[in-house]
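As structure tokens, the structure follows; a few thoughts come after it.
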Ligand SMILES: NC(=O)c1ccc[n+]([C@@H]2O[C@H](COP(=O)([O-])OP(=O)(O)OC[C@H]3O[C@@H](n4cnc5c(N)ncnc54)[C@H](OP(=O)(O)O)[C@@H]3O)[C@@H](O)[C@H]2O)c1
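In our numbering, the protein residues as written are -10 to 91.
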């Protein structure tokens, strides 16, 4: 590796407001490239827009992400049924169990 410091990248979830938003701002102000994610595209893009006043455009990228998708994928991955069970049928089975218990 050369002498130049490696660029750092961070993905922040739920970042259109609150703690996530504040973390994005702080990290970008420290020169870290931030992928600001939010489940709602408009709220996420508005958050990126509002950070432009701090001259952070080059360090901020938006990506739509609902963390429940990650939770479902992690549950499936940890279910140890990767070889034998299709993700779609696993989700629909879990979905009916969750719906029954709520
Ligand atoms: N504030 C505190 O002092 C404090 C202290 C200790 C712990 N916490 C915990 O830290 C977390 C954040 O607190 P906060 O004050 O920043 O809350 P907040 O202002 O309500 O922000 C929550 C963020 O999470 C997003 N979000 C919710 N569900 C999501 C999903 N399924 N996928 C992606 N994003 C989702 C929200 O998006 P939308 O705008 O779309 O709803 C929003 O951007 C909470 O779990 C809170 O309990 C907060």
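We treat Cβ as the ideally placed atom computed from N, Cα and C, and that holds for glycine.
What is the residue span of the beta strand (DSSP E) that residue i lies within?
i: residue 27; result: 22 to 27
i: residue 49; result: 49 to 53
Could you check what DSSP says for residue i in three-state terms: helix, strand or coil?
i: residue 18; result: helix
Under DSSP, the alpha helix (DSSP H) around residue i begins and ends at which residues?
i: residue 62; result: 56 to 67
i: residue 31; result: 30 to 40
Residues proximal to ligand 1 by C-beta, any heavy atom closer than 5 Å: The filter returns 3, 5, 6, 7, 8, 28, 29, 55, 56 and 57, in chain order.
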